[in-house]
Structures are given as C-alpha cells and as structure tokens.
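Notes follow once the structure below has been shown.
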Amino acid sequence: MLKFGRNYRMKIKIGKVVVENKKVTPRWDEEIEITYPLTVNFQITRAQYSNMNTAHFEIYNLSDTTRSKIYKDKYMTEKVIRVEFYAGYGTDTQNLPLCFAGDVFDCFSDKRGGDPNIKTEMTCNVALLGRQEGYINQTFAAETKPLTIIQTLCNAASLQLGNSDSEYIAKMEPLIEDRPFIGNVIDVLQDYVAGHAYIDSSMDIDKVWILDKKDVLPQK
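With the first letter of the sequence shown counted as 1, position 75 gets the number 74 in numbering that gives the first Met the number 0; the numbers rise by one all the way through.
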C-alpha cells in the first residue's frame, strides 16, 4: 500500500448479538477506523452461489487499545464485529470504492521471532451472523407462495432479499402441502432454492440474490 498513491480505509463496528422476536441482530457499541499510513495486506474472495464471500486482512502495528477492541476468538459468538474495507487511489479516503463488507470470524495479533512488527490477522465472511446464529423452526401451509417463504427465511437471518422479481423465483411452485422448515436458516434457504441463493454485502446491508445460471447482479 506504499506506492503509486494507493490508499485504504477500514471501518470497524463492534457490538453484541441481540435476539428479539426470534430474529438475530447486532447491537453496535463502538466504531473505529484504520487508515494509511498503517500497512495492510489483504486477500478478498468473491464466491458463487452457496459459497460465502471471504476476506483475510493483515494489519501492522495497531495500538494496544485497538488490538484489544477488535480481538475475537472464533468461539466468541456473542461478540460481533463488522468490517467495511475501502481501497483505491488518491488522498480522498471518503470516496474510495467499497471492496468488501462482512463479519469478523476471528481476529488475533502476535509478534514473531525477531520481527519488530506486531501483525494483526483478521478473517471475515459475509453473513456470518446469520450462518452462526440464524435458526428457524416454522411450518408453512400448503399453497404458500415461494416469495413469502424466501422473504421469511431472509428476515430470520437478518438478510434482505435483493431481487424479489427474480425469474428463478417466478418459476418456483407454491407448496403442495404443509411443509416444516427446521435448521440453520441459511442452509434451509439454500436447500429450498436448490443452491441458487447468492449472498452479497453492501456496507451495513447483507442481501440475498436468487440467481439463475445466466443472471448477474445489478451494477453498483
């Protein structure tokens, strides 16, 4: 990030998991920003269909206070941390393109051997909160329309449906009999749409797109 005018901004929100009316949502307590000249290395993977988008960040020489705030073990499911990572060129950090938005799976820091730098490693996933905490146990009556089922499942996972007019949804048939939906809500959703759900994030909003083989996401 040191050459050719490269720049970045990482916005991090820290909070707790709250369950209200059987819906899992985060309650944010604090927000911090990490910017240049601190060095950051990153790798972002944008997947298809049921695979989650992921990101891995390496940040060097954060303060003790910041490292403590963003520390997260993978078993600390009550703590939620959301990352928005912007990167590009120029000095105006407020107008850099958004490269990734998602939840922190784990984050830890260490100093190895004779290296004078303290490295913080952060692994992130899209819709991690819904995947870890979202659960549904509900029976839908016969003749329930697919859109109603999909919207209910998205809501249970704190997700928004990005394309309610999807051609794939339009081709699905209403239930022919009462049907229970039980389990991790994202897994249940993927099973119901035969793996055609793609989860993407834009800042604070995790969206589900039900895509057919030739569909694409709208341009941002």
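Ideal placement from N, C-alpha and C gives every residue a C-beta, glycine not left out.
Taking the alpha-carbon positions, what's the residue i to residue j distance?
i: M59; j: R8; result: Checking the sequence, you will find Tyr at residue 59 rather than Met. The alpha-carbon atoms of Y59 and R8 are separated by roughly 14 Å.
i: Y85; j: E176; result: 47 Å
i: T90; j: C98; result: 17 Å
i: Y48; j: Y74; result: At Y48, the pLDDT of 49 sits below 50, so the modelled position is not reliable; the number obtained from the coordinates is stated separately. Computed Cα separation, rounded: 26 Å.
i: L174; j: E83; result: 39 Å
i: K220; j: K118; result: An answer regarding residue 220 cannot be provided, because it is not within the stretch 0 to 219 covered by the chain.
i: P96; j: Y35; result: 15 Å
i: T138; j: K68; result: 41 Å
i: D190; j: V39; result: 38 Å
i: I168; j: Q131; result: 26 Å
Drop a sphere of 10 angstroms on the beta-carbon of residue i, count the other beta-carbons inside from all chains shown, and report buried for 16 or more, exposed for fewer.
i: V79; result: buried
i: D114; result: exposed
i: R81; result: buried
i: N124; result: buried
i: D102; result: buried
i: N116; result: exposed
i: S165; result: buried
i: S200; result: buried
i: A192; result: Per the sequence presented here, residue 192 reads as Val, with Ala not at that position. With 16 or more other Cβ atoms within 10 Å, it is buried.
i: Y88; result: exposed
i: G194; result: exposed
i: A156; result: buried
i: G112; result: exposed
i: I148; result: buried
Return the Cβ separation of residue i and residue j in integer angstroms, given the expectation that the two are a contact with Cβ distance under 8 Å.
i: Y152; j: L188; result: In the sequence as displayed, the identity of residue 152 is Leu instead of Tyr. Going by Cβ atoms, the distance from L152 to L188 rounds to 4 Å, so yes, they are a contact pair.
i: V26; j: G14; result: Rather than Val, the amino acid found at residue 26 in this sequence is Arg. Correct: roughly 5 Å between the Cβ atoms.
i: T53; j: T65; result: Between T65 and T53 the Cβ distance is about 22 Å, and since that is not below 8 Å, they are no contact.
i: L220; j: K206; result: Limits of the chain in this structure are 0 at one end and 219 at the other, which puts residue 220 out of reach.
Under three-state DSSP, which class holds residue i?
i: K206; result: strand
i: T90; result: coil
i: S108; result: strand
i: P96; result: coil
i: A222; result: With the chain running from 0 to 219 in the structure shown, residue 222 is simply not present.
i: Y167; result: helix
i: Y191; result: helix
i: A156; result: coil
i: T138; result: strand
Kindly list the residues whose CB is nearer than 6 Å to the CB of residue i, restricted to its own chain and excluding five residues on each side of it in sequence; keep chain order.
i: H233; result: Residue 233 lies beyond the residue range present for the chain, which begins at 0 and ends at 219; the question has no answer from this structure.
i: E172; result: none
i: E32; result: K10
Tell me which same chain residues have a C-beta within less than 7 Å of the C-beta of residue i, skipping the five on either side of it?
i: F107; result: Y70, E120
i: L146; result: S163, I168
In chain order, what residues of the same chain lie with their CB nearer than 8 Å to the CB of residue i, ignoring the 5 residues before and after it?
i: L127; result: M51, G101, D102, V103, F104
Is residue i close to the ligand SAH? I mean its beta-carbon at under 6 Å from any heavy atom of the ligand.
i: I43; result: As far as ligands go, the structure on display features none, and thus does not contain the ligand SAH.
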